[in-house]
Each structure stands twice: as C-alpha cells, then as structure tokens.
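Asker:
Number of protein chains: 2
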Amino acid sequence: MQLIDGKAIAAQIKQEIADEVKQIIAAGGRAPHLAGLLVGHDGGSESYMSSKVKACEQCGFRSSLLRFDETVGQDELIEAIHRLNDDDSVDGFIVQLPLPRHIDEQAVIEAIDYRKDVDGFHPINVGRLSIGLPCFRSATPAGIVMLLERAGIETRGKHCVVLGRSNIVGKPIASLLMQKANPGNCTVTVCHSATPNIKEICRQADIIIAAIGRPEFVKADMVREGAVVIDVGTTRVDDPTRERGWRLCGDVDFEHVAPLCSHITPVPGGVGPMTIVSLMHNTLLAAKHEIYK
Amino acid sequence: MQLIDGKAIAAQIKQEIADEVKQIIAAGGRAPHLAGLLVGHDGGSESYMSSKVKACEQCGFRSSLLRFDETVGQDELIEAIHRLNDDDSVDGFIVQLPLPRHIDEQAVIEAIDYRKDVDGFHPINVGRLSIGLPCFRSATPAGIVMLLERAGIETRGKHCVVLGRSNIVGKPIASLLMQKANPGNCTVTVCHSATPNIKEICRQADIIIAAIGRPEFVKADMVREGAVVIDVGTTRVDDPTRERGWRLCGDVDFEHVAPLCSHITPVPGGVGPMTIVSLMHNTLLAAKHEIYK
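Protein sequences, first through last, are from chains A and B.
Each residue of the first sequence is one higher than the one before, counting from 869 in my numbering.
Each residue of the second sequence is one higher than the one before, counting from 869 in my numbering.
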C-alpha cells in the first residue's frame, strides 16, 4: 500500500508556482493577484479563507480579502463583484461559500466574470469542463486529477466509481475522468443516495473517489484488492482526545481499507491541500491569460 | 417486450405544442419563431433541416431558413448570428452542424446568445444542465428523457449504462439521469472506446442508452432479461433492397436484443422523432421566456 501524500505534492506544486512567479516578476511582470470575498464570521469559512491567503503568500501572489457583514445585501455584494470584474489589477477572485440564507448563491456566482472565476463555479466554466474545452476547473476535482497524475496512477481504461453527485466534486470529477484525455479515459460510474447497490458497484472499481460526506462510509468489504482510493470527505467528528474537541474524518474507513489498496489518500493531508493548490494554479493561469484572452 | 413508439409519442407532443400555440395566438400573442442557419448543401443537413421546418409547421410555429454558400466566411456567419441575437421577432435559432472545415464550430456556437440557443450547445446551457438548473437541454438527451417519462419507465435507483461520451448525447444524458430529479436518480455508468469490459458492464444495466455510433454494436449477450434499451444510433448502411440504396441502422442488434427487453426503441421511429420534438419544445419555452427572462 502506498500513501498518496497530498501535503507533499501540494508543497511541491506551490514551489513550482512560486518559481514561475519569480520568473514573471524578473521579466518585468507583476505578481498574480487573487481576491477573496468573505461574508460573516463562520469558523470554517474564516479558516478556509486564511489558508488561501497563506497559500497566496507561499506562491508569491498578491491577495486581497474583502470582508462583508453577515447582513450584507445581495445587491451590495454583487456591486462589489462587478467592481472586481472591472478591476484590471485583480486576476481572479472567489466568494467563500456558503453565503447567508438571504443571498441567492447562484446569482452571486453568475455575477462573476467567468474569465476571473478561478473557483470554476460559473456555468460557462462548468459547461466547458464537460465539453472538454480549456476552462477554470473547480478546485477539488482539478486537485484530484493533479494528484492522480503526480502519483503516477494510470487512469486509461480503468473503472472509476465516484460516490456522490455534488456540483463541486462528484459531477465535475466524473466529467474530467471520462474525457478523452490523460488523466482521463476512465469508464465512470456515479453512485449517490438513490443507488441501491453501492457495495457491489464499488467492488468493481479500480479507482474509488469518495465524496459522499459520510464519515467512514467506505468499508473494507466495498474495496477490491489493489484499488486506488481517493478520499474527499472532510467531516468534523467529535474527538475528546484532541484539544480542540474534534478531528477531520474522511469518507473512508482508512484503518481497514488502506491495507487493501495499491494507493490511498489520507484525511487530512490528501485531497484537502490539493484543493487550495488548484485555486493557486487557476489564479496563475488567469494572470497569464492562458484560458481566456 | 414493449416497443417504445417514438413516432407516436412525438406526434402527441407536437399536438400538445400546437394546441398551446393556438391558445397563445387566441390570447393575442404571436407564434413562436425558430430560425435555422444552413451552410452548403450536404444531403444529411438538408434533410434534417427540412424535417425541422416541417415540424415547425405542425406545431404552428413560424420558421425562417437562412442559407449560406459553403464558402461563407466565419465572420459573415457570426455577423448573421449577431443579427438573430438582436432580432426580437426570433425566439430561438440553430446552426445546422457540421460546418465546413474552415469554420470554427465552437466559436460559432459561442456567438449564439444562450437565451436563444434552443439546441442547448452553448457552454452556459451545458453547464446549467450539469448543475441541475433550468436551461435549454440539448435535443437528443432531452428527447430521451421525455421518451422514458411518457413510456412510464421508472428511473429512480436504476443502473443506467450510457455507451458513448459525445458532447451532444452521451455526456448530457448521463448528466440528466444522475440528477436528483424524476426522471433521474439513476446510478450512471459511461462507457466508451477506452472501456475494456463493455459487455460485462452492459449486463448489469437496467437501462442501456446506446449512442456509440456503431451499427448493431449491442448484441443479445450484452443485455440482461428485462432491460430497457434506448437506441440512439443512426448510421446509414448500404441496403440494395431499398430504392435509395441505404437504410438507417441503430447501435443495437434489434432482432436478437428486442426479445430480451422490457422496453426498446426501434430505429427509425424511436429517439429520432423525439429529437426534433425537443427542439420544438425548447423553442416554445424560449417564446414563453420560461427559462430565461
């Protein structure tokens, strides 16, 4: 069994990005600039946003954080988005989700200029990803693809079973892995809450991507010997042995599944760090105008 | 075995659309207006386009056909598209594909205002379909979903195997059938040219959607008793017994597969007529501004 060290791979890619940024600046260019919009003071959102700001520093990016009170109106938020759309000093920006209930998330996402939508949530980027055209790929699926590539895992002709059909993980990773591309060319099965025989289907998988959001859902009897298991789950579960009282728990029963696998990602330290790196990668692509002119 | 009569279902839906158009006109509205752009004189394209014009007549729509010489420049074509985008008398329009090689099809598709893109090929419509938002669904997958619905086929919890990963059939039908919706809620597997064990996977399917473009590819030993088989194939094969010298051949070995099925679509007369009806349905939705304001 080989552990896929997402933390180490992420660190390496950040170093590569930082090196490229140095070259850009040495050639007279300016640092890529990522802006983030944060509404309210949710603990999880604060923590994700500060990780992104930190990653920007590591990559040599400029970052800006725009904070809004939890009571901000949708119109005010969308006006701020329009200003960022028009601001040539900003290469890409993200709105930290979830937003308070009184705000229509989809309207906010669609207000973002798709050419600056480095989270890849705008329908144009989602559509182009499905068609197989260059686009900003949403961060988690893009991170999984980079992870498979860097870990040297062959995907062509493999049966990949995706657990979960969310718009930010399940659907786009299924799209990416079925493309005529490398990584890609997988036979892809998408399972979800309405699938009656998940165990039986998982047992056929060469690659399992678990993104169902249920702690330790994937048990040893669902995984065949030699499978590759990518665990996207990050549920907080109570853990009185930790000072903070909780730990992150993946969708895979790691202890019992890992011995069966050829490769497996841990939680934490697997997909998580790659998600942030994908965002950095998209921001670099935006600064270089590689996807859209 | 029950034959799914796409021709009869299509005729019924066209009648329903025609009835609604009469009501719109009786209430002082105008007929929905579909425009089509046709480049060159390819036999297949001419034939598809004239079927669409005829369907417009049956539905009580106004139709306009804009013809261009095969040597038309891309800029000229895109200018014509911009005029249609701006023409309030046109509710929706389509560009008959394929286009001559000197024209970039994707650039042409993206020039269409997505609010008039009744073929559903613009990335915004593709993306919204994947996310599960209201959109113009591309015609063939939308037709398949209507067919399943009208034939009373339960999809929830069923395993649907899609053969083919084209942008106009395989990928969008996979997207539609995995949605949390009805029809939908299928476990979906997408197989293609890089899938090594198609037979084994097909034998697990409750529903097979064959869109691989290889005549009679699906044989009896690939289908389990009681499966639903939807045949999207329409390859022209030589047939000296026909006056015109060819016949349409599906992707399914109908003679041997049909006796095993609970339901099956014939070729011709299955999915084909539904594809045109979907286009009519989208045009009606466009005229009523039901998807986009």
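Cβ coordinates follow ideal geometry from the N, Cα and C atoms, glycine included.
#1: Is DSSP giving D954(A) helix, strand or coil here?
#2: Going by beta carbon distance, what residues of the same chain come within less than 8 Å of I1178(B), once the five residues before and after it are set aside?
#3: Output needed for P1136(A): all residues of its chain with C-beta closer than 7 Å, excluding positions within five of it in sequence on either side, in chain order.
#4: Taking V974(A) as the query, report the chain B residues whose CB atoms sit under 9 Å from its CB, ordered along the chain.
#5: Are any of the Cβ atoms in chain A nearer than 7 Å to that of T1008(B)?
#6: Listed from N- to C-terminal order along the chain, which residues in the stretch 1032–1060 of chain B have their beta-carbon within a distance smaller than 9 Å of any beta-carbon of chain A?
#7: Using a beta-carbon distance below 7 Å, is A1078(A) in contact with chain B?
#8: Which residue from E1017(A), P1040(A) and G1052(A) puts its Cα closest to that of A1026(A)?
#9: By alpha-carbon positions, which one of I999(A), L906(A), V994(A) and P900(A) ends up nearest to R1033(B)?
#10: Out of curiosity, what's the CA-to-CA distance linking L933(A) and A923(A)?
#11: Could you work out which residue in A1007(A), D873(A) and L906(A) is closest to I1144(A) when comparing CA atoms only?
#12: Can you tell me which of F1085(B), L1147(B), N1150(B) and M1142(B) puts its alpha carbon nearest to the alpha carbon of F1122(B)?
#13: Give the straight-line distance between the Cα atoms of G904(A) and K890(B), rounded to the nearest whole angstrom.
#14: Using a Cβ-Cβ distance under 7 Å, would V1120(B) count as near chain A?
#15: Can you give me the start and stop residues for the beta strand (DSSP E) that V907(A) sits inside?
#16: Counting along the chain, where does the beta strand (DSSP E) carrying H1169(B) start and finish?
#17: Using a C-beta cutoff of 7 Å, does A923(B) count as contacting chain A?
#18: Return helix, strand or coil for H1149(B), following the three-state DSSP convention.
#19: Measuring only between beta-carbons, confirm whether A1062(B) sits less than 7 Å from chain A.
#20: Check the DSSP bridge columns for G1020(A) and list the partner residues they point to.
#21: On the DSSP bridge assignment, give the partners of F936(B) in chain order.
#22: Alpha helix (DSSP H) containing H990(A): first to last residue?
#23: Whose Cβ in chain A lies nearer than 9 Å to the Cβ of R996(B)?
#24: Anything in chain A within Cβ reach of G1025(B), meaning under 8 Å, just list it in chain order.
Answerer: According to the structure data:
#1: helix
#2: Residue 1178(B) falls outside the range modelled here, since chain B spans only 869 to 1161, and no answer is possible.
#3: L1116
#4: Sequence check: residue 974(A) is Gln here, not Val. The contacting residues are I999 and L1001.
#5: no
#6: R1033, N1035, G1038, K1039, P1040, A1042, S1043, M1046, Q1047, K1048, G1052, N1053, C1054, T1055, V1056, T1057, V1058, C1059 and H1060
#7: no
#8: With the sequence shown as reference, residue 1026(A) is identified as Lys, and Ala is not the correct amino acid for it. For K1026(A), the nearest C-alpha among the options comes from G1052(A).
#9: I999(A)
#10: 13 Å
#11: A1007(A)
#12: F1085(B)
#13: 52 Å
#14: no
#15: H901 to V907
#16: No answer is possible for residue 1169(B): the residues shown for chain B start at 869 and end at 1161.
#17: no
#18: helix
#19: yes
#20: BP columns for G1020(A) are empty, so no partner.
#21: V907(B)
#22: Per DSSP, H990(A) belongs to no alpha helix (DSSP H) and is neither H nor E.
#23: P991, V994 and G995
#24: A1062, T1063 and P1064
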